[in-house]
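Visitor:
2 protein chains.
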Amino acid sequence: MTQASIITIGDELLIGQVIDTNSAWMAQELNKSGIRVVRRVAVGDVWDEIWTALDEEQKYADIILITGGLGPTADDITKPLLCKYFGGTLIVDEGAKQNVLDIFTRLNRPIIDRNLKQAEVPDVCTVLQNKRGTAPGMLFNKPHPSSLSGEGKVFVSLPGVPHEMKGLMTDDVIPALVKQFKFPAIIHKTLLTAGVGESFLAELIKDFEETLPAHIKLAYLPNYGMVRLRLTATGFNAAETETAISLLFENLKSLVADYLVTDKDEPMENVVGKLLLASGKTMCTAESCTGGYIAHLLTSIVGSSKFYNGSVVSYSYEAKKDLLQVDKNILLTKGAVSEEVVLQMAHGALKHLKSDYVIAVSGIMGPDGGTTDKPAGTVWIAVGNKENLQAQKLYFRFDRTRNIQLTATNALNLLRKFILSA
Amino acid sequence: MTQASIITIGDELLIGQVIDTNSAWMAQELNKSGIRVVRRVAVGDVWDEIWTALDEEQKYADIILITGGLGPTADDITKPLLCKYFGGTLIVDEGAKQNVLDIFTRLNRPIIDRNLKQAEVPDVCTVLQNKRGTAPGMLFNKPHPSSLSGEGKVFVSLPGVPHEMKGLMTDDVIPALVKQFKFPAIIHKTLLTAGVGESFLAELIKDFEETLPAHIKLAYLPNYGMVRLRLTATGFNAAETETAISLLFENLKSLVADYLVTDKDEPMENVVGKLLLASGKTMCTAESCTGGYIAHLLTSIVGSSKFYNGSVVSYSYEAKKDLLQVDKNILLTKGAVSEEVVLQMAHGALKHLKSDYVIAVSGIMGPDGGTTDKPAGTVWIAVGNKENLQAQKLYFRFDRTRNIQLTATNALNLLRKFILSA
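Taken in sequence, the protein lines are chains V and S.
Residue numbering for the first sequence is 1411 to 1832, as defined by our numbering.
Residue numbering for the second sequence is 1411 to 1832, as defined by our numbering.
1) By DSSP's criteria, residue 1800 of chain V is part of a beta bridge. Which residues make up the other side?
2) Where does residue 1488 of chain S fall in DSSP's three states?
3) So for residue 1559 of chain V, helix, strand or coil by DSSP?
4) Residue 1483 of chain S CB to nearest chain V CB: under 8 Å?
5) Since residue 1644 of chain S and residue 1594 of chain S are thought to touch, with beta carbons under 8 Å apart, how far apart are those beta carbons, to the nearest angstrom?
6) Between residue 1683 of chain S and chain V, is any beta-carbon pair separated by less than 8 Å?
7) Comparing the C-beta of residue 1558 of chain S with each C-beta of chain V, is any distance below 8 Å?
8) So with CB distances below 8 Å, who are the chain V contacts of residue 1719 of chain S?
9) Taking only three categories from DSSP, how would you classify residue 1829 of chain V?
10) Of the residues that make up the region 1421–1449 of chain V, which ones have a beta carbon closer than 9 Å to any beta carbon in chain S?
11) Flag residue 1545 of chain S as yes if its beta-carbon sits less than 8 Å from any beta-carbon of chain A, otherwise no.
12) So what does DSSP say about residue 1714 of chain S, is it helix, strand or coil?
13) Could you give the residue range of the beta strand (DSSP E) that holds residue 1636 of chain S?
14) With 8 Å as the threshold, decide whether the Cβ of residue 1525 of chain S is near any Cβ in chain V.
15) Are the C-beta of residue 1617 of chain V and some C-beta of chain S separated by less than 8 Å?
16) List, in chain order, every chain S residue whose beta-carbon is nearer than 9 Å to that of residue 1459 of chain V.
17) How would you write the range of the alpha helix (DSSP H) that residue 1704 of chain S sits in, first residue to last?
18) Applying the 10 Å Cβ sphere with the 16-neighbour rule, what's the burial state of residue 1805 of chain S?
19) Taking C-beta pairs closer than 9 Å, name the residues in chain S that residue 1541 of chain V reaches, listed in chain order.
20) If the cut is a Cβ gap below 9 Å, which residues of chain S does residue 1882 of chain V touch?
21) I'd like to know whether the C-beta of residue 1796 of chain S is nearer than 8 Å to at least one C-beta of chain V.
22) Suppose only complete runs of 4+ residues qualify. What are the alpha helix (DSSP H) ranges in the region 1609–1696 of chain V, listed by chain order?
23) Whether or not the region 1780–1787 of chain S and the region 1703–1716 of chain S are in contact is what I'm after, with contact meaning three or more pairs of Cβ atoms, one per stretch, closer than 8 Å; do they touch?
24) If you check the beta carbons only, do residue 1534 of chain V and residue 1443 of chain V fall under 8 Å apart?
25) Report buried or exposed for residue 1532 of chain S, applying the criterion of at least 16 other Cβ atoms within 10 angstroms of its Cβ.
26) Would you report the Cα separation of residue 1827 of chain V and residue 1618 of chain V, rounded to the nearest angstrom?
27) For residue 1600 of chain V, which beta-bridge partners are listed by DSSP?
28) Do the region 1668–1675 of chain V and the region 1668–1688 of chain S meet, that is, are 3 or more Cβ pairs less than 8 Å apart?
29) What's the C-alpha gap between residue 1422 of chain S and residue 1572 of chain S?
30) Can you tell me the Cα-Cα spacing of residue 1559 of chain V and residue 1553 of chain V, whole angstroms?
31) Determine the DSSP secondary structure at residue 1550 of chain V, reduced to helix, strand or coil.
32) Alpha carbon to alpha carbon, how far is residue 1750 of chain V from residue 1682 of chain V? Give it in angstroms, no decimals.
33) If we ignore side chains and look at the alpha-carbon of each, how far apart do residue 1417 of chain V and residue 1454 of chain V end up?
34) Looking at C-beta atoms only, is the number of pairs between the region 1562–1570 of chain V and the region 1578–1588 of chain V that lie closer than 8 Å three or more?
35) Please report the straight-line C-alpha distance between residue 1733 of chain V and residue 1747 of chain S, rounded to a whole angstrom.
36) Is any beta-carbon of chain S found at less than 8 Å from that of residue 1689 of chain V?
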């Protein structure tokens, strides 16, 4: 099978200042086209380390994708390095030059020499014009000396700016690779479970797992109190592969039916959004401890305004009283993190945001703010509609970020179950 | 200098289903202790590929940190592989066994054989007890055959669950490494600029950059319309290194003073939060198109309840009218994305969330919802206080996620400038 390796370049990746989201996206896209990513390597802005990575990765892969290090500043050494590596000379590419000029005209910014240098490329590469930025992509073909068939290696260098890289991958790189190589079908099918641990799930589907054919793999992907199960099939006959994996996937679904959230690779919020859209209903949120994170998850969905009306992020007591009409006495006697308050928040949000369903949350996400009675990680969640509100107390024992995420996921799952049971 | 390499194991990383945040965090922590990460490699749950990575990475580093593949399910092969790689036998570790039993007792869940197998470890490793989960960490010392001094390589295997890995790194791994190796001081100093492009910045500090001494490096880190500049110094005398970099950093700060947001490595929202805390003021938000993302950024800060009162996420027309008293006629004649509406939203939020300062945003984040007049990416932002509200129209040309992030960052920067100029 044709295999790919991704090299990401940049000191910022090695000191942990930036999280690499590019290579995950690239891997997804390559997989869809039947290209298996076997390795991902990150190296710094250091000449020898980049050179070594180029030498090494072609041992494992036929396609080597490189991102980063193409900026206009002195720490960006990828372009001269690639030029030398492939024995070329830097020349000005007229298309790339025009692109740089166009971008600066559009932005109405003065152009400097440094910007125009972005249009220089090695004369031994195919230039991939970048419509979204000044650094062009570069594709290098290298004949493989040990290959009798003459099949070679392909190196592609792309800018590290995510939307520029994505545009070039979609418009140029994937089409060029598909043309040059013959890829097998890789089919993934993923389902999402909630409310069950990885080990318990593994026992439940033990027999299923043990009898899987060799070309179909099962993976467990635990995340935020949920577990995704992914089946992966590989084969050169796409139709046969699809049939084989589909049968097994249906089997798997029925085995985990009690915990199944969705049989697609999608987040919890999408499942809730689809349920609402299908029934023409709307929802709103009243968030204290999650501070707008549930609203953010829901509004990240394209078209969410069709089912989501908004949120009151009531971080202060005042906001709980004034915008959600939470009773002042109850706030003082029971505290903001209580069943009574979260139910009143839910009630207030339903009224003011005129929605069919509601989620309300109030808790202590830590590290500060905990008490003996209510340690950091304590949270009250209410879900429901005008006729029926249900509250539940949960306790998470992680850091602030993770507690916020777990609260959001659990609240969305509670609403999902409420809608299904209504 | 002692160098480290990080190997992350898991098919989910190579098909892009999961974004690797572990290795960024690990790199940060290692750096603080003077350990330079030279490479990061991701490989799948495949015996030969993991084995090869172990062989390869010790060519480049003395410390090899491995995460993932330690779960209780069949796709987790790291532990038996490491056992074989280092020539050991799997035995039950009593400490690890007690830990598994304790966890299941605490969770009140039935324990199964699969869970107890988590307590098995190779008899050739030092066990690092995992207080947060069932999979123990494992440290392997390998004498280096080519080293006359007898200095060897250290391999550490850690679970992939982020909070478990972090706990083990902090409590066990870093202290063990610091004891075993002699590390130089690595000092980073980072500042954040906004409102200026990378190329322009590079021209501005060209002379500074060209005269930097060899042991101090400068990096440009562009992100969401902002650029961070990072100086890195390395040296065995910590005090001298600190003095040298501090002088240069002050120099750099004065060169970019016009665009400087902060001279610390911190996000925009922290800068705003600190400004408010220092003056004892509070703020609130009224968010339409950002859907709670600004609220989420602010409430991710520990202690944000001291300066942040809350948000009205007014995704629907109704919410804008009822919770923020936006004029119905203006909504109908000017549209939700207009100067008039965003100013009224700001006004309504200030009133109901009783705050000193406000941010209000209304826009079209795309890909749907754009018109000829107001294409997707158009956004109105208002910032200010009761006496003075300022509105500004911006236009972003990216995808939904990036448009939301850029809107949030720009809105926070506008408020920051407003507070400073007030």
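We treat Cβ as the ideally placed atom computed from N, Cα and C, and that holds for glycine.
All values reported here derive from a predicted model rather than from experimental measurement.
Guide: Looking at the atomic coordinates:
1) Locating residue 1800 of chain V in the first sequence gives position 390, counting from the first residue. Beta-bridge pairing links residue 1800 of chain V to V/1793.
2) As a working note, residue 1488 of chain S is residue 78 in the second sequence. Three-state DSSP puts residue 1488 of chain S in a helix.
3) By 1-based counting over the first sequence, the position of residue 1559 of chain V is 149. Confidence is the limiting factor: at residue 1559 of chain V the pLDDT is only 46, short of 50, which leaves the residue's position unreliable, though a coordinate-based value still follows. Looking at residue 1559 of chain V - three-state DSSP - the assignment turns out to be coil, as it is neither helix nor strand.
4) For the purposes of this step, residue 1483 of chain S is taken as residue 73 along the second sequence, with counting starting at 1. Interface residue (Cβ-Cβ distance to chain V less than 8 Å): residue 1483 of chain S is classified as such.
5) Mapped onto the second sequence, residue 1644 of chain S falls at position 234. Mapped onto the second sequence, residue 1594 of chain S falls at position 184. Between residue 1594 of chain S and residue 1644 of chain S the Cβ distance is about 6 Å, and since that is below 8 Å, they are a contact.
6) Position 273 of the second sequence, counted from the first residue, corresponds to residue 1683 of chain S. Not a single CB atom of chain V sits nearer than 8 Å to the CB of residue 1683 of chain S.
7) As a working mapping, residue 1558 of chain S is identified with position 148 in the second sequence. A caution first: residue 1558 of chain S carries a pLDDT of 43, below 50, which makes its placement in the model unreliable, though a value can still be read off. By this cut-off, residue 1558 of chain S is not an interface position.
8) Reading the second sequence from its first residue, position 309 is the one you call residue 1719 of chain S. Listed along chain V, the residues sitting closer than 8 Å to residue 1719 of chain S by beta-carbon distance are 1725, 1726, 1728, 1729.
9) Here residue 1829 of chain V corresponds to residue number 419 of the first sequence, with the count starting at 1. Reduced to three states, the DSSP call for residue 1829 of chain V is helix.
10) Within the region 1421–1449 of chain V, the qualifying residues are 1421, 1422, 1423, 1424, 1425, 1426, 1427, 1428, 1429, 1430, 1431, 1433, 1434, 1435, 1436, 1437, 1438, 1439, 1440, 1441, 1446, 1447, 1448, 1449.
11) In the structure shown, chain A cannot be found, because the protein chains are V and S.
12) Residue mapping note: residue 1714 of chain S aligns to position 304 of the second sequence, counting from 1. It is helical.
13) Position 226 of the second sequence holds residue 1636 of chain S. For residue 1636 of chain S, the uninterrupted beta strand (DSSP E) segment begins and ends at 1636–1645.
14) For this step, residue 1525 of chain S is matched to residue 115 along the second sequence. Against chain V, the CB of residue 1525 of chain S has a partner CB under 8 Å away; the residue lies at that interface.
15) Counting from one through the first sequence, the residue named residue 1617 of chain V turns up at place 207. By this cut-off, residue 1617 of chain V is not an interface position.
16) The residue labelled residue 1459 of chain V in the question sits at position 49 within the first sequence. Counting only Cβ-Cβ distances below 9 Å, residue 1459 of chain V has contacts in chain S at 1448, 1449, 1470, in chain order.
17) Here residue 1704 of chain S refers to the residue found at position 294 when the second sequence is read from its first residue. Counting along the chain, the alpha helix (DSSP H) containing residue 1704 of chain S begins and ends at 1703–1709.
18) Sequence index remark: in the second sequence, residue 1805 of chain S carries index 395 (1-based). It counts as exposed.
19) Here residue 1541 of chain V is taken as the residue at index 131 of the first sequence, counted from 1. The CB of residue 1541 of chain V never comes closer than 9 Å to any CB in chain S; the least such distance is about 11 Å.
20) For residue 1882 of chain V there is no data in the structure shown, the boundaries of chain V being 1411 and 1832.
21) Translated into positions along the second sequence, residue 1796 of chain S becomes position 386. Chain V contact via Cβ: absent.
22) Annotation: the region 1609–1696 of chain V contains the following complete segments of the alpha helix (DSSP H) (minimum length 4 residues), in chain order: 1616–1620, 1648–1665, 1678–1689.
23) Three or more beta-carbon pairs separated by less than 8 Å are not found between the region 1703–1716 of chain S and the region 1780–1787 of chain S, which leaves the two stretches without contact.
24) Taking the first sequence and counting its residues from 1, the one referred to as residue 1534 of chain V is at position 124. Taking the first sequence and counting its residues from 1, the one referred to as residue 1443 of chain V is at position 33. Against a cut-off of 8 Å, the Cβ pair of residue 1443 of chain V and residue 1534 of chain V comes out as no contact.
25) Along the second sequence, read from residue 1 onward, the residue named residue 1532 of chain S stands at position 122. The residue in question, residue 1532 of chain S, is buried, as its Cβ has 16 or more Cβ neighbours within 10 Å.
26) Counted from its first residue, the first sequence places residue 1827 of chain V at position 417. Counted from its first residue, the first sequence places residue 1618 of chain V at position 208. Counting only the Cα atoms, residue 1618 of chain V lies some 27 Å from residue 1827 of chain V.
27) The residue labelled residue 1600 of chain V in the question sits at position 190 within the first sequence. V/1640.
28) Verdict: no, contact absent.
29) Start at 1 with the first residue of the second sequence, and residue 1422 of chain S comes out as number 12. Start at 1 with the first residue of the second sequence, and residue 1572 of chain S comes out as number 162. So the two alpha carbons sit approximately 15 Å from each other.
30) Position 149 of the first sequence holds residue 1559 of chain V. Position 143 of the first sequence holds residue 1553 of chain V. Confidence at residue 1559 of chain V is low in this model, with a pLDDT of 46, below 50, so the placement of that residue should be treated as unreliable; the coordinate-derived value is given next. Rounded to the nearest angstrom, the two C-alpha atoms are 10 Å apart.
31) Residue 1550 of chain V sits at position 140 when you count from the first residue of the first sequence. Reduced to three states, the DSSP call for residue 1550 of chain V is strand.
32) Residue mapping note: residue 1682 of chain V aligns to position 272 of the first sequence, counting from 1. Residue mapping note: residue 1750 of chain V aligns to position 340 of the first sequence, counting from 1. Just so you know, the alpha carbons of residue 1682 of chain V and residue 1750 of chain V end up roughly 25 Å apart.
33) The residue you call residue 1417 of chain V lines up with position 7 of the first sequence. The residue you call residue 1454 of chain V lines up with position 44 of the first sequence. Computed Cα separation, rounded: 10 Å.
34) With the cut-off at 8 Å, the region 1562–1570 of chain V and the region 1578–1588 of chain V touch.
35) If you number the first sequence from 1, residue 1733 of chain V lands on position 323. If you number the second sequence from 1, residue 1747 of chain S lands on position 337. If I take the Cα positions, the gap works out to 23 Å.
36) Counting from one through the first sequence, the residue named residue 1689 of chain V turns up at place 279. No, its Cβ sits nowhere closer than 8 Å to a Cβ of chain S.
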